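By the numbering used here, the letter at position 102 of the sequence shown is numbered 102, and the numbering carries on one by one without gaps.
All C-beta atoms, glycine included, are put in the ideal place defined by N, C-alpha and C.
Note that the structure is predicted; figures quoted are calculated from it, not measured.
Have a look at the structure below, then the notes.
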Amino acid sequence: MLDKKLQREQSLVLRDRAHAEDDGMAARKITAQIIMLPELDEIRMISGYSPIHSELDCFIILKALHAARFPFCIPTTTPKGNPLEFRSWNMRTQLEEGPFGTMHSSESIVTPEVLLVPLIAFDLEGNRLGYGGGYYDRTIEQLRAKNIELVVIGIGYDNQKLASVPTDSYDQSLDIVVTEKKTYRFI
């Protein structure tokens, strides 16, 4: 198995390629699957994300959630070593640019029950490879420690699926991954 750094580099090439060939249809197919997930029944708050680089456009998903009257929020990047903070967003409020090129809401801080998270790679055990900053791992660990019934859904292209993702003891697993081709369940 490759180390995380090398696997990240190779997987980013695959994601970049899928993104370059995609006309937005992948996000629409993923949206159709997400809206139908039973895990979204009776939830109070869903977190999306502000896409950077070749991440799938979560704003397409959030627009559909907004139209279906789901309450949602987006993460705010915090100082290194801290978990993410989540702020509600209603799509009418202007977003502000934050670190790493992500967009942030200035609305009230909330606690999501469902996280839609970007990924560089995933495997069929629910392991996720991200950029390596640990923001989502710390956040997921903190929310799970608070006994929040959290559902973590990775969003990616099907070509991001690997036989195995290198992991460390602090890495947090996904419950579901939704790609343009399939919904993978690990719960």
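Please tell me whether residue 108 and residue 74 are closer than 7 Å, where the distance is taken between their beta carbons. Within the sequence shown, residue 108 is the residue found at index 108, counting from 1. Within the sequence shown, residue 74 is the residue found at index 74, counting from 1. No. Outside cutoff.
Do the CB positions of residue 61 and residue 178 come within less than 7 Å of each other? Here residue 61 refers to the residue found at position 61 of the sequence shown. Here residue 178 refers to the residue found at position 178 of the sequence shown. Against a cut-off of 7 Å, the Cβ pair of residue 178 and residue 61 comes out as no contact.
Which listed residue (66, 96 and 115) has its alpha carbon closest to that of residue 199: Residue 199 cannot be examined here, being either before or after the span of the chain that is shown, 1 to 187.
Rounding to the nearest angstrom, what Cα-Cα distance links residue 159 and residue 82 in this structure? On the sequence shown, position 159 is the one that residue 159 refers to. On the sequence shown, position 82 is the one that residue 82 refers to. If you take the alpha carbons of residue 159 and residue 82, they lie about 31 Å apart.
Cβ neighbours of residue 45 in the same chain (closer than 8 Å, five flanking residues each side left out): The residue you call residue 45 lines up with position 45 of the sequence shown. Excluding positions up to five away in sequence, the list reads 71, 72, 73, 86, 88, 110, 111, 112, 113 and 114.
Could you give the residue range of the alpha helix (DSSP H) that holds residue 141? Mapped onto the sequence shown, residue 141 falls at position 141. 135–145 is the extent of the alpha helix (DSSP H) around residue 141.
Figure out for me which residue from 23, 5, 12 and 8 has the closest Cα to the Cα of residue 180. Taking the sequence shown and counting its residues from 1, one reaches residue 180 at position 180. The shortest C-alpha separation from residue 180 is found at 23.
Give the DSSP-derived three-state secondary structure of residue 183 in the structure shown. For the purposes of this step, residue 183 is identified with residue 183 of the sequence shown, where counting begins at 1. In the structure shown, residue 183 sits in a strand (DSSP, three-state: E or B).
Take every Cβ of the region 157–174, pair it with every Cβ of the region 11–31, and state whether three or more of those distances are shorter than 8 Å. yes
Would you check if the distance between the CB atom of residue 155 and the CB atom of residue 56 is smaller than 7 Å? Numbered from its first residue, the sequence shown carries residue 155 at position 155. Numbered from its first residue, the sequence shown carries residue 56 at position 56. Yes, these two residues count as a Cβ contact at 7 Å.
Just mark residue 184 as buried or exposed, buried being the case when its beta carbon has 16 or more other beta carbons within 10 Å. On the sequence shown, residue 184 is found 184 positions in, with the first residue counted as 1. Classification for residue 184: buried.
Measure the CB-CB distance between residue 175 and residue 151 and report whether it falls below 7 Å. The residue labelled residue 175 in the question sits at position 175 within the sequence shown. The residue labelled residue 151 in the question sits at position 151 within the sequence shown. Closer than 7 Å, so yes.
As an exercise, report each continuous beta strand (DSSP E) stretch of at least 3 residues that is fully enclosed by the region 66–114, in chain order. 72–76 and 85–88
For residue 12, which residues from the same chain have a beta carbon less than 7 Å from its beta carbon, with the 5 sequence-adjacent residues on both sides left out? In the sequence shown, counting from the first residue as 1, residue 12 sits at position 12. Cβ within range, chain order: 120.
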